[in-house]
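Here's the structure we're looking at; comments come further down.
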Amino acid sequence: MKKLFVLILFLFFLLFFQEAEAIDISAIGGWTQTISASNLISGAGSDLNPTYTSVANASAITITNCKNKNDNWRVDVRRVDTNWHANFTLQAQRASAGTGAGAISGGTTFINIGTIDMTFFSGSGDRSGINCQYRLTGMSISIDPGTYSTTVIYTLVDI
Amino acid sequence: MKKLLICFMVLGFVLVFGRIAIAANTATQSVSAVLPGINELSATGSPTLTVAAPAAGDDLAAVTDSSSSTYQFTTNQNSRKITGQITTGGDMPTGLTLDVTLTTTGLASGSWSAVSNVVLDSTAKTLATGGKGRTGTVKAITYVLTPTLDADPATYNRTITLTLTST
Chain A
47 MKKLFVLILF LFFLLFFQEA EAIDISAIGG WTQTISASNL ISGAGSDLNP TYTSVANASA
107 ITITNCKNKN DNWRVDVRRV DTNWHANFTL QAQRASAGTG AGAISGGTTF INIGTIDMTF
167 FSGSGDRSGI NCQYRLTGMS ISIDPGTYST TVIYTLVDI
Chain B
82 MKKLLICFMV LGFVLVFGRI AIAANTATQS VSAVLPGINE LSATGSPTLT VAAPAAGDDL
142 AAVTDSSSST YQFTTNQNSR KITGQITTGG DMPTGLTLDV TLTTTGLASG SWSAVSNVVL
202 DSTAKTLATG GKGRTGTVKA ITYVLTPTLD ADPATYNRTI TLTLTST
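Keeping their order, the protein sequence lines are chains A and B. Each residue of the first sequence is one higher than the last, beginning at 47 in the working numbering. Each residue of the second sequence is one higher than the last, beginning at 82 in the working numbering.
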């Protein structure tokens, strides 16, 4: 019985020890695009501009807790819709490399953010201030007025 | 011994699957698009309708202008209408009737129907109704000035205001 207790303690230790070692990802920012009549392509009679692009640093991603600068990771991206229109396409691109001792690559052209994870960019080591830019396409006057929202989920995969 | 074996198996699962589960974590960001109701209408043109002197014994003839004035609209809402009214100069004088018809065919999107020959005065009259859509290219506004001999000879100026609003 004593051995069993010791083993369970050991398991808990291993579990939390690994948590402490896991690479972390965090993000700040987000994007709200407000459309208005000023977005009509050529005033009354015309349709809305279909495409909107956020500022380059709409979101800033930081990756921490790598073992060293050679500790490799990958960031996947997907979205979970709250109230999203089927005509909309949301895209993201990495607009800066951020800073850190390791490396970063990929993601520098817009990719569609779907509802299943897809590789966004990858790198190694701690890295902070990786700017991400969004692009929304598919806007038109055929879409009912309203607020359309989705949550972009960045998943860090330790590789 | 059996318990020990179970413990080692659990330990194995924790080491293998626990690592996988913990190795991926997430960060989230909100993205929103706020789309308000958009109702834009514009109109151009300053038509001059001149009543010609009739031949002796004839009635005065109505004057039509369908090439001097145009309008355009865009709306992303349903249950809309365009109204028209005289906003400066007051109602038409005795002996003169001004009516208007909007062209609502050939829209870029949506379906609208116009009321023909709406007599204008200083109250808002419905000229056309429809929903979400847009004109695309400019559409003609047709004015008809109908005189009778009761009208005093003069120049009358009126401003017509079109409004896109909810029904």
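Using N, Cα and C, we set each Cβ at its ideal position, and we do this for glycine too.
Kindly list, in the order they appear in chain A, the residues whose Cβ is closer than 8 Å to that of residue 123(B). As a first step, residue 123(B) is located in the second sequence; it is residue number 42 there, counting from the start. Those are 89, 90 and 91, listed as they occur along chain A.
CA-to-CA distance, residue 166(A) to residue 153(A), given in whole angstroms: Taking the first sequence and counting its residues from 1, one reaches residue 153(A) at position 107. Taking the first sequence and counting its residues from 1, one reaches residue 166(A) at position 120. Roughly 5 Å between the two C-alpha positions.
So, is the C-beta of residue 139(A) closer than 9 Å to a C-beta in chain B? Here residue 139(A) refers to the residue found at position 93 when the first sequence is read from its first residue. Closer than 9 Å: no.
Does chain A have any CB closer than 9 Å to the CB of residue 119(B)? On the second sequence, position 38 is the one that residue 119(B) refers to. Yes, because at least one Cβ of chain A sits closer than 9 Å to the Cβ of residue 119(B).
Residue range of the beta strand (DSSP E) that residue 222(B) falls in? Counted from its first residue, the second sequence places residue 222(B) at position 141. Its beta strand (DSSP E) spans residues 220-228.
Cα separation between residue 149(A) and residue 83(A)? Counting from 1 along the first sequence, the entry for residue 149(A) is found at position 103. Counting from 1 along the first sequence, the entry for residue 83(A) is found at position 37. The alpha-carbon atoms of residue 149(A) and residue 83(A) are separated by roughly 44 Å.
Quick check on the DSSP output: the beta strand (DSSP E) that includes residue 182(A) runs from which residue to which? Within the first sequence, numbered from 1, the residue matching residue 182(A) stands at position 136. 173-183 is the extent of the beta strand (DSSP E) around residue 182(A).
What residues in its chain sit with their C-beta under 6 Å from that of residue 26(A), if we drop five residues either side in the sequence? The question about residue 26(A) has no answer here: the residues shown for chain A are numbered 47 through 205.
Counting only Cβ pairs nearer than 7 Å, list the residues of chain A close to residue 213(B). For the purposes of this step, residue 213(B) is taken as the residue at position 132 of the second sequence. The answer, in chain order, is 187 and 188.
Using a Cβ-Cβ distance under 9 Å, would residue 141(B) count as near chain A? In the second sequence, the residue the question calls residue 141(B) occupies position 60. It does not; no Cβ of chain A falls within 9 Å.
Pick out whichever of 174(A), 103(A) and 188(A) has its Cα sitting closest to the Cα of residue 138(A). Numbered from 1 along the first sequence, position 92 holds the residue referred to as residue 138(A). Measuring from the Cα of residue 138(A), the nearest candidate turns out to be 103(A).
Whole-number beta carbon distance between residue 180(A) and residue 73(A), since they are thought to touch under 8 Å: Within the first sequence, the letter at position 27 stands for residue 73(A). Within the first sequence, the letter at position 134 stands for residue 180(A). The Cβ separation is near 12 Å, so there is no contact.
Do residue 69(A) and residue 204(A) count as a contact pair if the criterion is CB distance below 9 Å? Position 158 of the first sequence, counted from the first residue, corresponds to residue 204(A). Position 23 of the first sequence, counted from the first residue, corresponds to residue 69(A). Yes; because the gap between Cβ atoms is below 9 Å, this pair is in contact.
According to a CB-to-CB cut-off of less than 9 Å, which residues of the region 195-224 of chain B neighbour chain A? 213, 214, 215, 216, 217, 218, 219 and 220
Segment contact, 8 Å Cβ cut-off, at least three pairs: the region 114-121 of chain A with the region 120-127 of chain B: no
According to DSSP, simplified to helix, strand and coil, what is residue 85(A)? Numbered from 1 along the first sequence, position 39 holds the residue referred to as residue 85(A). The answer is helix: DSSP assigns residue 85(A) an H, G or I state.
Between which two residues does the beta strand (DSSP E) holding residue 149(A) run? Walking along the first sequence from the start, residue 149(A) turns up at place 103. Taken as a continuous stretch (DSSP letters only), the beta strand (DSSP E) holding residue 149(A) covers 149-151.
Rounded to whole angstroms, how far is the Cβ of residue 164(A) from the Cβ of residue 125(A), which I believe are closer than 8 Å? As a working note, residue 164(A) is residue 118 in the first sequence. As a working note, residue 125(A) is residue 79 in the first sequence. Actually they do not touch by this definition, with Cβ atoms about 11 Å apart.
At the 9 Å Cβ level, is residue 111(B) part of the contact set with chain A, yes or no? The residue you call residue 111(B) lines up with position 30 of the second sequence. Residue 111(B) counts as touching chain A.
For residue 207(B) and residue 142(A), I'd like the C-alpha separation in whole angstroms. By 1-based counting over the second sequence, the position of residue 207(B) is 126. By 1-based counting over the first sequence, the position of residue 142(A) is 96. Rounded to the nearest angstrom, the two C-alpha atoms are 55 Å apart.
Thinking just about the alpha-carbon of each residue, which of 200(B), 246(B) and 192(B) is nearest to the one in residue 180(B)? The residue given as residue 180(B) occupies position 99 in the second sequence. The shortest Cα separation from residue 180(B) among 200(B), 246(B) and 192(B) belongs to 200(B).
Comparing the C-beta of residue 83(A) with each C-beta of chain B, is any distance below 9 Å? Here residue 83(A) corresponds to residue number 37 of the first sequence, with the count starting at 1. Closer than 9 Å: yes.
Confirm the yes/no value for this check: CB of residue 187(A), any heavy atom of the ligand GDP, distance under 8 Å. Absence of the ligand GDP is noted for the structure shown, with no ligands found whatsoever.
Let me know the beta strand (DSSP E) ranges lying completely inside the region 85-142 of chain A, each 3 residues or longer, listed in chain order. 97-99, 105-110, 118-129 and 135-140
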